[in-house]
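In the UniProt record's numbering, the protein residues as written are 1 to 355. Quick reminder that beta carbons are idealized off the backbone N, C-alpha and C, glycines included. Quick notes on the structure that follows.
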Amino acid sequence: MSNSEAPSGRSAGLPTGRAPGRSAVLAGLGGWVPPRQVTNADLSARLDTSDSWIRSRTGIATRHVVAPGDATSDLAVEAGRLALKSAGGADGEDGADAVVLATTTPDRPCPATAPEVADRLGLGGSAAFDVSAVCTGFLYALAAGQGLIAAGTAERVLVIGADAFTTIIDPQDRGTAVIFADGAGAVVLRAGRPDEPGALGRVFLGSDGSRSQLIQVPAGGSRQRSTGVPARERDTYFQMSGQQTFRQAVERMSAVSRQAVDSAGWKLADVDRIAAHQANARILGAVGEELGVPEERFLSNIEHVGNTGAASIPLLLHHSHADRSLGTGDRLLLTAFGAGLAWGATTVVWPDLPG
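Structural data, given as structure tokens:
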């Protein structure tokens, strides 16, 4: 039976826990976007669209795009370096003994991008691997980092979400070109007590592969390559069924958010801030309505950075911490949805971090 068919009272996703007395605690934070910006006016000059059309449907005004020749690893290194500095460890053994990179746009299909990122950060020799869960990737990576700490495999884990999403977007597709962007965000997790601020709650994860075709890049994998037939150009780009995706996103994020909040022993009214995947403004508004949570409790940076895939949540945390819209002691809900289909949520009481 699939997660989507789970009986009433049973979790529709996989909860990952922590060993008694040992928890993964947020200790550092960083975010980075490439300098190059693409505004709505820039897109309007080459697509059948306008600033008002884009803003009304997505809430986005501008987005950042990698320069020619730059890649996901470059984004990840910048964000990772800032997170390590925030946590008080610049490199080597004082930095982290594991690196988990969530990305849908690795530098190349093989090998994983994380080992190169680790090496460039002075963490060569550390465990390093990629996680691919698209826009929910950061939460999957958090769960992996939490598990490494709970098992005693690592004391400090650098968790990065990074995507150069514009490299898989058809520049002539108005439906996706106006939404997606590039960026990276990162956190450092350290071993600590489950009762201290910054300790991650249970991470609830779920998936529904029966709907994988709703959001996909059809070509480039083993199924297409095994045919020996060259892929159609359009199949090498990201494709999304907008209306069905909207419904699934609202349903899945709302349900998994309730699970995470219940697990923390909170009520939705207790949640001070929600860091939801910055998909688009309409989805965020609909999730708020479904949960009965006012718009002002949702953190948001989508207007200035767009949808950055796996980078979305950590980049949002970085910006919200920097502008003080997220404060020490705030009860925070993290929730995401993306291709797979995949979704997840967790909770944390925001710690006193530098910056």
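- Here Arg-63 is bridged, per DSSP, to Val-38.
- Residues of the same chain with a CB within less than 8 Å of the CB of Leu-341, apart from the 5 flanking positions on each side, are Ser-207, Asp-208, Gly-209, Arg-211, Ser-212, Leu-214, Ile-215, Gln-248 and Arg-252 in chain order.
- Bounds of the beta strand (DSSP E) holding Trp-343 are 342-349.
- For Val-131, the enclosing beta strand (DSSP E) starts and ends at 127-131.
- At a Cβ-Cβ threshold of 8 Å, Glu-290 and Ser-254 count as neighbours.
- With a threshold of 16 other beta carbon atoms within 10 Å, Pro-115 meets it and is buried.
- For Arg-247, the enclosing alpha helix (DSSP H) stretches over residues 242-263.
- With a beta-carbon spacing of about 4 Å, Gly-201 and Thr-347 fall inside the 8 Å limit used to define contacts.
- Residue nearest to Ser-56 within the set Val-65, Gly-285, Ala-102 and Gly-338 is Gly-285 (criterion: CA-CA distance).
- Annotation for Arg-225: the continuous alpha helix (DSSP H) segment containing it runs 222-225.
- The criterion of a C-beta distance shorter than 8 Å is satisfied by Ala-345 and Leu-333.
- Between His-64 and Ala-177, the CB-CB gap reaches or exceeds 8 Å.
- Here Ser-325 has Leu-299 as same chain residues with Cβ atoms under 7 Å from its own Cβ, once five neighbours each way along the sequence are excluded.
- Straight through space, the alpha carbons of Ala-276 and Asp-262 are spaced by roughly 17 Å.
- If only uninterrupted beta strand (DSSP E) runs of at least 3 residues are considered, those enclosed by the segment 136-202 are 156-164 and 182-192.
- By the neighbour-count criterion, in which a residue is buried when 16 or more other Cβ atoms sit within 10 angstroms of its Cβ, Gln-278 is buried.
- Cβ neighbours of Ser-23 within its own chain (closer than 7 Å, five residues either side excluded): Gly-192, Arg-193, Pro-194, Ala-199 and Leu-200.
- Relative to Leu-121, the option among Lys-267, Leu-205, Ala-76 and Ile-169 whose CA is nearest is Ala-76.
- The residue from Gly-338, Ala-150 and Ile-274 with its alpha-carbon nearest to that of Val-25 is Ala-150.
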